[in-house]
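Asker: Residue numbers (my numbering), protein chains in the order written: chain A, 47 to 289; chain B, 2 to 164. Where a beta carbon is used, it is the ideal one built from N, C-alpha and C, also for glycine. The model shown is predicted, which means the values in this text are computed figures rather than measured ones.
(1) Per the DSSP calculation, residue 146 (chain A) is bridged to which residue(s)?
(2) Could you list the residues in the segment 91–107 of chain B with a C-beta less than 7 Å from some C-beta on chain A, going in chain order?
(3) Once you ignore the five residues that flank residue 55 (chain B) on each side, which residues in its own chain have a CB closer than 8 Å to its CB?
(4) Inspect the CB distances between the segment 119–132 of chain A and the segment 160–175 of chain A and report whether three or more fall short of 8 Å.
(5) Rank A:91, A:254 and A:258 by C-alpha distance to the C-alpha of residue 144 (chain A) and give the top, closest one.
(6) Enumerate in chain order the residues of its own chain whose CB-to-CB distance from residue 19 (chain B) is below 8 Å, with the five nearest sequence positions on each side excluded.
(7) Could one say the Cβ of residue 39 (chain B) lies closer than 8 Å to chain A's Cβ atoms, at least one of them?
(8) Using a Cβ-Cβ cut-off of less than 7 Å, give me the residues of the segment 51–67 of chain B that come near chain A, in sequence order.
(9) Between residue 43 (chain B) and chain A, is the shortest Cβ-Cβ distance under 8 Å, so that the two count as touching?
(10) Determine the burial state of residue 167 (chain A): buried for a count of at least 16 other Cβ atoms within 10 Å of its Cβ, exposed for fewer.
(11) For residue 112 (chain A), I'd like the list of residues in its chain whose CB is within less than 8 Å of its CB, leaving aside the five on either flank, ordered along the chain.
(12) Grab the span of the alpha helix (DSSP H) containing residue 205 (chain A) for me, first residue to last.
(13) Return the CA-CA distance between residue 147 (chain A) and residue 34 (chain B), expressed in angstroms with no decimal places.
(14) Terminal residues of the continuous alpha helix (DSSP H) containing residue 76 (chain B)?
(15) Chain B beta carbons: is any one of them nearer than 8 Å to that of residue 243 (chain A)?
(16) What is the DSSP secondary structure of residue 53 (chain B), reduced to helix, strand or coil?
(17) Buried or exposed for residue 183 (chain A), going by 16 or more other Cβ atoms inside 10 Å?
(18) Excluding sequence positions up to five away, which residues of its chain have a Cβ less than 7 Å from the Cβ of residue 237 (chain A)?
(19) Which residues in the same chain as residue 195 (chain A) place their Cβ atom closer than 7 Å to its Cβ, once the five residues preceding and following it in sequence are excluded?
(20) With a threshold of 8 Å between beta-carbons, can residue 110 (chain B) be considered close to chain A, or not?
(21) Consider the Cβ of residue 89 (chain B): report whether some Cβ of chain A lies at a distance smaller than 8 Å.
(22) When the Cα atoms are used, what is the spatial distance from residue 151 (chain A) to residue 44 (chain B)?
(23) So, does the CB of residue 11 (chain B) fall closer than 8 Å to a CB anywhere in chain A?
(24) For a test of the three-state rule: what should DSSP assign to residue 65 (chain A), helix, strand or coil?
(25) In this structure, how does DSSP classify residue 86 (chain A) when only helix, strand and coil are distinguished?
(26) Going by DSSP in three states, residue 39 (chain B) sits in which element: helix, strand or coil?
(27) Is it buried or exposed for residue 12 (chain B), if we count other Cβ within 10 angstroms and need 16 for buried?
(28) Does any residue of chain A have a CB that is nearer than 8 Å to the CB of residue 78 (chain B)?
(29) So residue 57 (chain B) and residue 76 (chain B) are supposed to be a Cβ contact under 8 Å. How far apart are they, rounded?
(30) Roughly how many whole angstroms lie between the Cα atoms of residue 103 (chain B) and residue 82 (chain B)?
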């Protein structure tokens, strides 16, 4: 089997891709299949008055995401070795700059929805499972970077860690938890995402939509407070609501 | 007459005070956050939530691909230990339970899943088999695997920032 040619899965040029490399046997005789993950993403910061530096947050996010997606999933006989190849994250000034092959994370002043202080906690992020759009609320820079990994985790098909039993530890360090000291995704979670990619469940839809008329406004929240009037045909981050 | 009114006012005040004291010192806030986190669209799932054998919540929960999504229920319960039980007796029959100790405000997440078995349950060999073969012929194709159904009860003691 080790000598068989391995069919590459073309990452199809979309925002999130998994490319399968040539199998090899490691020093323990284990058959290893390398899989390289590629991500194309745009970050649009619509927040006002935040104390964060967007470029610094993006840099931190890239570093954390690379570490989170790197790991080996398998057993003593065979394994899949995940590593990050291209991690292209661009800061953009307008939703018009979002490319069709980019995932979009939008930073806003306030993420609204069912989650609010009167109903069991505030909301700090919102994401479409398997989709290409996520929102993160402005805040402390380190928390923002962690939350961007968290929301991206939903976009690659992951649930909250307490729901999926796939986090290798239960110490609140998993990115899909709600804590403020998160630093890992488990190999099982990355494999889960890989499985969902193979099943065609990722890269669904687009991260933006075009305004229907001139008076349409996009929000500094998740499309609930007017922020900027845009003209018909211009792009805006795809609105999400969990109401 | 005046004496009677005074008596009733005092009685009501005492009752209100007793209630406030009882509420403050003998009960605690519990927030139930219930969601249907299945990995694909499905009809609303009916869940019944019992506390110490008494039904507290009964509702239908719709699937959503937006995270987070949950329905919130604020309750106050006596301090101490309680048994939370969650049941579904519709087309999907499932139940689970968890004991909680209520000494400070708790956030009880109840999540229903109806998911495709991929991830932890699928071995690396199966994944590689899937990658090496035509997806229309391999019996290990994730979509062809059986489904799992699950209810998870997760308790947090700090106010969550939902993401």
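Answerer: Once the coordinates are examined:
(1) Paired residue(s): none; residue 146 (chain A) is not in a bridge.
(2) none
(3) Contacts found: none.
(4) no
(5) A:254
(6) none
(7) no
(8) 65, 66 and 67
(9) no
(10) buried
(11) 130 and 133
(12) Premise fails: residue 205 (chain A) is in no alpha helix (DSSP H) and is neither H nor E.
(13) Cα to Cα, residue 147 (chain A) sits roughly 35 Å from residue 34 (chain B).
(14) Run containing residue 76 (chain B): none in the alpha helix (DSSP H); it sits in the beta strand (DSSP E), 72–79.
(15) no
(16) coil
(17) buried
(18) 119 and 126
(19) 107, 110, 111, 114 and 221
(20) yes
(21) no
(22) For the pair residue 151 (chain A) and residue 44 (chain B), the Cα-to-Cα distance works out to about 30 Å.
(23) no
(24) Judged by DSSP in its simplified three-state form, residue 65 (chain A) adopts strand.
(25) strand
(26) Look at residue 39 (chain B) here: in three-state DSSP terms it is coil, with no helix or strand label.
(27) Exposed is the label assigned to residue 12 (chain B), since fewer than 16 other Cβ atoms lie within 10 Å of its Cβ.
(28) Cβ-Cβ to chain A under 8 Å: no for residue 78 (chain B).
(29) 7 Å
(30) 6 Å
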